[in-house]
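Numbering (the numbering used here), first residue to last: 1 to 60.
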């Protein structure tokens, strides 16, 4: 079983590859999705909830 640090290293490496590919292809939708995913994952790791949780109670 990998440690939390090892899992985070793998996630970051995979994320960087996905972002590089999206930037190379000029895929703005993927870039924006990855940016949102990154900020949500940071918030979850810091224990402050992700973007999706913040809006769950709102009626949109």
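By construction, the Cβ of each residue, glycine as well, lies at the ideal position given by its N, Cα and C atoms.
8 Å Cβ cutoff met for residue i and residue j
i, j, result
"residue 22", "residue 16", "no"
Boundaries (first-last residue) of the alpha helix (DSSP H) holding residue i
i, result
"residue 2", "That residue, residue 2, is in no alpha helix (DSSP H); it is neither H nor E in DSSP."
Cβ separation of residue i and residue j, assumed to be a contact under 8 Å, to the nearest whole Å
i, j, result
"residue 34", "residue 19", "5 Å"
C-alpha gap between residue i and residue j, whole angstroms
i, j, result
"residue 10", "residue 38", "14 Å"
"residue 25", "residue 7", "27 Å"
"residue 28", "residue 5", "30 Å"
"residue 32", "residue 1", "32 Å"
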